[in-house]
Every structure is written in structure tokens, then in C-alpha cells.
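Heads up, the final residue of the sequence shown is numbered 244 in the working numbering, and it's a clean run with no missing numbers.
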Amino acid sequence: MGNPEYRLYGHFESGNVYKAALLLALAGKAYEFRHVDIFAGATKADDFTALNPFQEIPVLVHGSSTITQSDVILRYLADDIGRFGGKDAGERRRIQEWMAWTSNKFTNGIASARFGTRFAGFDPAVITFFQKRAEAAFDLVERHLADREWLVGDSPTIADFSAAGYIFLADEAGLDTSPWRRMHAWIERLSLLPGWHHPDKMPRKDAIVAPTAVFNAPDDDDV
Numbered sequence: 022m023g024n025p026e027y028r029l030y031g032h033f034e035s036g037n038v039y040k041a042a043l044l045l046a047l048a049g050k051a052y053e054f055r056h057v058d059i060f061a062g063a064t065k066a067d068d069f070t071a072l073n074p075f076q077e078i079p080v081l082v083h084g085s086s087t088i089t090q091s092d093v094i095l096r097y098l099a100d101d102i103g104r105f106g107g108k109d110a111g112e113r114r115r116i117q118e119w120m121a122w123t124s125n126k127f128t129n130g131i132a133s134a135r136f137g138t139r140f141a142g143f144d145p146a147v148i149t150f151f152q153k154r155a156e157a158a159f160d161l162v163e164r165h166l167a168d169r170e171w172l173v174g175d176s177p178t179i180a181d182f183s184a185a186g187y188i189f190l191a192d193e194a195g196l197d198t199s200p201w202r203r204m205h206a207w208i209e210r211l212s213l214l215p216g217w218h219h220p221d222k223m224p225r226k227d228a229i230v231a232p233t234a235v236f237n238a239p240d241d242d243d244v
């Protein structure tokens, strides 16, 4: 395999990095993974700060473009690949709404409870606060999925992949998603997409990641 056109900087423990890796996997795109040891302070190093002044992962490098912030990376990739970004302007707006909401409410609750449980030793009351925040978001998603299979439109989009960043890690936050029947079915649908992989399959060192399958959906412009 030659050098892939995409290079993704990240860490295997990050659900936000997983979002970008998942989209690349579902689109059947190979990428170069650069491991960034966040627990050793690698994002604060001068060379990484030069790449991303926000000192965060993920970072996507594509040709001369450097893109930061996970949901911005998802939008960039969807536009570049021509897939998963919405069929028209209306869907694109709905997708951006869902991505903004999930980042603030859905992802934040899971990620914060997981971080406090696994890495930071938060007070149990603080962990419970974030778990309740996540569960309130689950309630909203459950209602939304009453008459649909995906968050926006009739096929998977980056709105789903954005929310998926941490939903597959919910058990590490002490959360059981099974009581939310419709949301749990949505999670199952995501996991059955060709090319899908669990976050625990993320590379743990520098690697060239080849796609295992291609999700053969029509390009957005062809729908």
C-alpha cells in the first residue's frame, strides 16, 4: 500500500478520535495513524502545538490542510469523500444541529463520567451528575428515534458518527444503554455497517490502517 492521503493524529482511548477513524473505516479509506501520548503530555509539546494550537486530538492532515476538532473533521471528510454529509442543504443543517447538541449534551455526559471513573478518580457524586446528564440525553434520542432509524434522514450520516464517538464506550462510564430500546437498536444498526469497528480496535501505535470493508452507500450528490 502506498502512502494514504489522510493522516490522523490521536490516541486509542479518545472517543473523539474514534469518530474520525470510524468515518474513514466506513468510507473504505486507508489512513496513516500517528499515536499521540496524551497521558505523557505529548499534545503540549512544541511540535504538536505547531500542528494544533488548541493542543488537542484529533488532528487530520490532508494534503496542505490541517483540520482540528472532531466534528469539523467529520464535516471536512464527508465533504471531501462525498458521503455521509447529507442529501441537501436542509439535511446538512439538521446534521450540524445534531452534532452541536450531541457534543454538548450526549457526548459530554458519557465522556465526563468515563473520564472521572477511569482516569481522574472523581467524587462519586460528580460521576453521578454526569451519568444523569447522559441519561437525560438518552431520553431525548429515544423520543427522536420513535419513527426513524437514523438521527437525520433515512441513512447514516456524520450526525450518527459524531454521537457514536462515546456511545460505544458508555459501559466504561458506568452506563447501561439497554433500557433505551430504540436508542439501543440504533447502536446495533451502527455496529452492523460494513467496515464498522469498536473503539477497542483503534491502533495503539503509529500505523497504516487499511479498510476492512466499504460501506457501499450512494454518494450524497447521487441521491
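We put the beta carbon where it would ideally sit given N, CA and C, even for glycine.
Helix, strand or coil at residue i according to DSSP, with G and I counted as helix
i    : result
G31  : strand
L214 : coil
T87  : strand
A51  : coil
V57  : coil
I229 : strand
V38  : helix
Through-space distance from residue j to residue i, alpha-carbon basis
i    : j    : result
G49  : G216 : 7 Å
Y39  : L166 : 23 Å
I94  : G106 : 12 Å
D67  : P74  : 9 Å
R139 : D109 : 41 Å
F143 : N24  : 42 Å
R55  : D101 : 21 Å
V82  : A63  : 17 Å
Y30  : P177 : 25 Å
A141 : A61  : 15 Å
P220 : G36  : 7 Å
R169 : A71  : 43 Å
R28  : P79  : 10 Å
L116 : G103 : According to the sequence shown, residue 116 is Ile rather than Leu. Approximately 15 Å, taken between the alpha carbons.
I148 : M223 : 26 Å
R113 : P200 : 30 Å
Among the options, the one whose alpha carbon lies nearest that of residue i
i    : options                : result
S85  : L166, E26, G186        : E26
L196 : D67, L161, A155, E163  : A155
F151 : E163, G174, L161, K126 : K126
V162 : G186, H205, V57        : H205
V230 : S199, L43, F182, E112  : L43
W171 : S35, E209, L29         : E209
F136 : A194, V57, R28         : A194
D92  : K65, E112, S124        : S124
A158 : W119, S212, G111, D175 : W119
L98  : A46, V57, I148, R114   : A46
I59  : R114, Y52, F69, A180   : F69
D160 : G186, A185, F33, T198  : T198
Check your understanding: Fully enclosed by the stretch 148-207, which beta strand (DSSP E) runs are 3 residues long or longer?
Key -> Runs of the beta strand (DSSP E) spanning 3 or more residues and lying entirely within the stretch 148-207 do not occur at all.
Check your understanding: Pairing CB atoms from the stretch 180-196 with CB atoms from the stretch 131-147, are three or more of them under 8 Å?
Key -> Note that the stretch 180-196 touches the stretch 131-147; at least 3 beta-carbon pairs, one per stretch, sit closer than 8 Å.
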